[in-house]
Amino acid sequence: MSENGKAVLVTGATGGIGSAVCARLARAGYSLILAARDTGKLQANCARLEGLGCHSYRWISVDMSSDASVASFSHELAADGTVLDGVVLMPPQMRPTPDCQPPADTWRQLFQSNFIGPLELLKGAISTMQPDPSRGRRAKIVIISAITSVQALGNYATSNVLRCAWLAQAKTLSFAMGERGIHINTLSLGGTLTPDYAASIGDRATKAGMTFAERLAEETSNIPLRKYGSPEEVALAVEVLLSPFSDHMTGVNLLHDGGFTRAY
Ligand SMILES: NC(=O)c1ccc[n+]([C@@H]2O[C@H](COP(=O)([O-])OP(=O)(O)OC[C@H]3O[C@@H](n4cnc5c(N)ncnc54)[C@H](OP(=O)(O)O)[C@@H]3O)[C@@H](O)[C@H]2O)c1
Numbered sequence: 400m401s402e403n404g405k406a407v408l409v410t411g412a413t414g415g416i417g418s419a420v421c422a423r424l425a426r427a428g429y430s431l432i433l434a435a436r437d438t439g440k441l442q443a444n445c446a447r448l449e450g451l452g453c454h455s456y457r458w459i460s461v462d463m464s465s466d467a468s469v470a471s472f473s474h475e476l477a478a479d480g481t482v483l484d485g486v487v488l489m490p491p492q493m494r495p496t497p498d499c500q501p502p503a504d505t506w507r508q509l510f511q512s513n514f515i516g517p518l519e520l521l522k523g524a525i526s527t528m529q530p531d532p533s534r535g536r537r538a539k540i541v542i543i544s545a546i547t548s549v550q551a552l553g554n555y556a557t558s559n560v561l562r563c564a565w566l567a568q569a570k571t572l573s574f575a576m577g578e579r580g581i582h583i584n585t586l587s588l589g590g591t592l593t594p595d596y597a598a599s600i601g602d603r604a605t606k607a608g609m610t611f612a613e614r615l616a617e618e619t620s621n622i623p624l625r626k627y628g629s630p631e632e633v634a635l636a637v638e639v640l641l642s643p644f645s646d647h648m649t650g651v652n653l654l655h656d657g658g659f660t661r662a663y
């Protein structure tokens, strides 16, 4: 599935999932723009891509919670004439919380960093796209979300709300932009075994006096496939959604959760 030369922006590019997505897309021949806040981690990730034999990448740092930072990111993206063929958008991870009535300031901060900021960044990215469906040139946007987009979970009170907002926005954009050949699909993840998530399982295992394997088996016992996903599995799904596989798909919310979600 070589996509030589196509340019894709990956946000959250230094995280557990973003790193796997970048490695997979780089191997597939995409030209990458990596985005996150920490410049040291961005440089280290680029060095890893170089080590994989990939040479077409660059990074731009951005803090999606800051309007000024997102504006400067979009300016930098446009300034060098970048034409994007794809975006993998990862709004920052939300912390689990059972508090369904957080203070107004918490909501303001969360909407800013997890919805308004990423959406503004996406607007800048879309403005660089030059799809031409009559010539088979399509632009693909994959929004990384979570299963709270379709099923409310008790310990993810704020995520329940923001993930639904993203789903509605993805659907709205897909209707508005389909004619131009811009596709917007959402990939909703269940638990995914990134290094951070594995560490949190390790902590829970220690507290419960269990081994890691025992705790993992217990936590995944209500997942039909009896496992969490891996970052590499997510990366493969992202690559497929960017490929011609999705040439007649837009506005779709694909669940990547081992069958956990009960909703239709
Ligand atoms: N892992 C899971 O089990 C799981 C499950 C469901 C959904 N997800 C979703 O999958 C996506 C990636 O998750 P992950 O586990 O890979 O998370 P992660 O390891 O915590 O990585 C988060 C990434 O986002 C960047 N980031 C954080 N805050 C940012 C901000 N304000 N502005 C710009 N970049 C920011 C981080 O880099 P900097 O800190 O340098 O900015 C990092 O690159 C997230 O959207 C998450 O909600 C994950």
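Residues in the sequence shown are numbered from 400 upward in steps of one, following our numbering.
No residue lacks a Cβ here, since even glycine has one placed at the ideal position from N, Cα and C.
Since the structure is predicted, the reported quantities are computational estimates derived from the model, not experimental observations.
Query raised in the report: Where does K522 land, buried or exposed, given buried means 16+ other C-beta within 10 angstroms?
Result: exposed
**Report entry** Pick from S558, A435, E638 that is closest to S464, judged by C-alpha positions
**Finding:** Comparing Cα positions, the closest option is A435.
Requested in this report: Please report how far the alpha carbon of E632 lies from the alpha carbon of K539, in whole angstroms.
Outcome: Distance from the CA of E632 to the CA of K539, rounded to the nearest whole angstrom, comes to 19 Å.
**Report entry** Any non-hydrogen atom of ligand 1 closer than 6 Å to K626 Cβ
**Finding:** no
Query - Per DSSP, cross-strand counterpart(s) of V409 - result: L433, V487
**Report entry** Close Cβ partners of P623 (< 8 Å) along its chain, the five nearest in sequence each way excluded
**Finding:** G657, G658, F659
Query raised in the report: Since I416 contacts M489 with CB under 8 Å, what's their CB separation in whole angstroms?
Result: 7 Å
Query raised in the report: DSSP state of G450, grouped into three classes?
Result: G450 falls in the helix class under three-state DSSP.
Query raised in the report: Looking at C-alpha atoms only, which residue of T413, I600, G608, S645 is the closest neighbour of E618?
Result: I600
Report task. Would you list, in sequence order, the uninterrupted beta strand (DSSP E) runs of no fewer than 3 residues that lie entirely inside the segment 489-569? Result -> 538-545
Query raised in the report: Can you list, in chain order, the residues of its chain whose CB lies under 8 Å from that of G628, leaving out five sequence neighbours each side?
Result: L588, G589, G590, T591, L592, H655, D656, G657
Query raised in the report: What distance in whole Å lies between the Cβ atoms of L483 and T527, which are believed to be in contact at a cut-off of 8 Å?
Result: Yes, they are in contact, since the Cβ atoms of T527 and L483 sit about 5 Å apart, within 8 Å.
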